[in-house]
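Colleague:
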Amino acid sequence: MDKIYNIYQILYKNYGAQGWWPFINYDKTNNGYHKLNYSFPRNKNEVFEVCLGSILTQNTTFKSVVKSLQNLNDLNCLNSKAIESMDIEALKEAIRPSGYFNQKARYILEFIKFFHNLNGTIPNREELLKVVGIGKETADSILLYGYNKPQFVVDAYTRRVLIELSIINQKAKYKDIKELMQNSLKNIIKDEKELVILYQEYHALIVEHSKKFYSKKPYGEGCFLKEDI
DNA sequence: AACCAGGACGTGA
DNA sequence: TCACGTCATGGT
Numbered sequence: 000m001d002k003i004y005n006i007y008q009i010l011y012k013n014y015g016a017q018g019w020w021p022f023i024n025y026d027k028t029n030n031g032y033h034k035l036n037y038s039f040p041r042n043k044n045e046v047f048e049v050c051l052g053s054i055l056t057q058n059t060t061f062k063s064v065v066k067s068l069q070n071l072n073d074l075n076c077l078n079s080k081a082i083e084s085m086d087i088e089a090l091k092e093a094i095r096p097s098g099y100f101n102q103k104a105r106y107i108l109e110f111i112k113f114f115h116n117l118n119g120t121i122p123n124r125e126e127l128l129k130v131v132g133i134g135k136e137t138a139d140s141i142l143l144y145g146y147n148k149p150q151f152v153v154d155a156y157t158r159r160v161l162i163e164l165s166i167i168n169q170k171a172k173y174k175d176i177k178e179l180m181q182n183s184l185k186n187i188i189k190d191e192k193e194l195v196i197l198y199q200e201y202h203a204l205i206v207e208h209s210k211k212f213y214s215k216k217p218y219g220e221g222c223f224l225k226e227d228i
């Protein structure tokens, strides 16, 4: 009955649990993914790793981000304190594979100031958005995967799929799409922890599905969702 | 060789 | 508010 939840069920049936967010030092045989293990992030440093990855993955594949994170890890700099005291040129060199390394280096350093001022407390969306380099999607990504807060992450793929399925139109804005997803799902899954897991898996599934069917034009060619939705 | 990737920001209308 | 240019590397 509910299209949004129905799409999720079809995607999950086809691809299974995705286990976002991947962590550099966890299960390297599986590229850091942790399918069906929802105990992440397990400590403050892993929270920061999500934040860092969220910034680095802006308009880039996560594969490139992994290279950057690995570079930092090899330098023993995969933590906020170490990055803060790095030579900025060395930081840029480390994150170069993710692209936009000049502005992303700045964004990361700006975020680290903010992160340290939190003193371990949980940031809210408003204050995250005030940090230079943290836009709507990055903020939601940090909250959903870094802090396990029920904030649905809307990306270009989400928009593209929903437009192709005629569920939204081209002029739908970020907030519109986010509210559509959340309002549909929060009434079906009442438990907040379960809702967070649903949001995490759903966004990951959209990305996985879109890599196959919504990356090159014409978008949606061969997409099985079109048959069932 | 153009096009896209797990976007954000600054500018001018 | 909105459309558009800019940022940059890496893969197809």
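With numbering that gives the first Met the number 0, the residue at position 105 of the first sequence is 104, and numbering never jumps.
Note that beta-carbon positions come from the ideal geometry of N, C-alpha and C, so glycine has one too.
1) If I'm right that Val152 touches His202 with Cβ under 8 Å, what's the distance once you round it to whole angstroms?
2) Counting only the same chain and skipping the five closest in sequence on each side, list residues whose C-beta sits under 8 Å from that of Gly119.
3) From Leu78 to Tyr173, what distance separates their C-alpha atoms?
4) If you follow the alpha helix (DSSP H) that His202 is part of, which residue opens it and which one closes it?
5) If Glu200 sits next to Ala81, beta carbons under 8 Å apart, how far is it from one beta carbon to the other, in whole angstroms?
6) Return the chain-ordered ranges of every beta strand (DSSP E) run that is complete within the segment 26-108 and spans a minimum of 3 residues.
7) Quick check: the segment 55-68 against the segment 141-151, are at least 3 beta-carbon pairs closer than 8 Å?
8) Between the C-alpha atoms of Glu207 and Glu109, what's the straight-line distance to the nearest angstrom?
9) If we call anything under 8 Å between Cβ atoms a contact, is Tyr213 one with Gly219?
10) Under a three-way DSSP split, which group does Val130 fall into?
11) Name the two residues that bound the continuous alpha helix (DSSP H) containing Asn182.
12) Which of the three DSSP states, helix, strand or coil, is assigned to Val152?
13) CB-CB under 7 Å to Tyr4, same chain, minus the five flanking residues each way: which ones, in chain order?
14) With DSSP collapsed to three states, give me the class of Gln8.
15) If you draw a straight line from the C-alpha of Phe223 to the C-alpha of Lys215, how long is it?
Modeller: Based on what the coordinates show:
1) Indexing the first sequence from 1 puts residue 152 at position 153. Indexing the first sequence from 1 puts residue 202 at position 203. Contact between Val152 and His202 holds: their C-beta atoms lie close to 4 Å from each other, under 8 Å.
2) Here the question's residue 119 lines up with position 120 in the first sequence. Within the same chain, Gly119 has close Cβ partners Lys43.
3) Indexing the first sequence from 1 puts residue 78 at position 79. Indexing the first sequence from 1 puts residue 173 at position 174. Checking the sequence shown, residue 78 turns out to be Asn, not Leu. The alpha-carbon atoms of Asn78 and Tyr173 are separated by roughly 31 Å.
4) Start at 1 with the first residue of the first sequence, and residue 202 comes out as number 203. Unbroken alpha helix (DSSP H) run through His202: Glu191 to Phe212.
5) Working through the first sequence from its first residue, we reach residue 200 at position 201. Working through the first sequence from its first residue, we reach residue 81 at position 82. Contact between Glu200 and Ala81 is ruled out by a C-beta separation of about 32 Å, above the 8 Å threshold.
6) Runs of the beta strand (DSSP E) lying entirely within the segment 26-108 and spanning at least 3 residues: none are present.
7) Taking a contact to require three or more Cβ pairs closer than 8 Å, the segment 141-151 and the segment 55-68 do not qualify as touching.
8) One-based indexing of the first sequence puts residue 207 at position 208. One-based indexing of the first sequence puts residue 109 at position 110. Glu207 and Glu109 have their C-alpha atoms some 31 Å from each other.
9) Position 214 of the first sequence, counted from the first residue, corresponds to residue 213. Position 220 of the first sequence, counted from the first residue, corresponds to residue 219. Yes, the pair counts as a contact, with Cβ atoms nearer than the cut-off.
10) The residue given as residue 130 occupies position 131 in the first sequence. Val130: coil per DSSP, three-state reduction.
11) In the first sequence, counting from the first residue as 1, residue 182 sits at position 183. Run containing Asn182: Tyr173 to Lys185, per the alpha helix (DSSP H) assignment.
12) On the first sequence, residue 152 is found 153 positions in, with the first residue counted as 1. It is coil, neither helix nor strand.
13) Counting from one through the first sequence, the residue named residue 4 turns up at place 5. Excluding the 5 residues flanking it on each side, Tyr4 has same chain C-beta neighbours closer than 7 Å at Ser183, Leu184 and Ile187, in chain order.
14) If you number the first sequence from 1, residue 8 lands on position 9. Taken through DSSP and simplified to helix, strand or coil, Gln8 comes out as helix.
15) If you number the first sequence from 1, residue 223 lands on position 224. If you number the first sequence from 1, residue 215 lands on position 216. Rounded to whole angstroms, Phe223 to Lys215 spans 16 Å at the Cα level.
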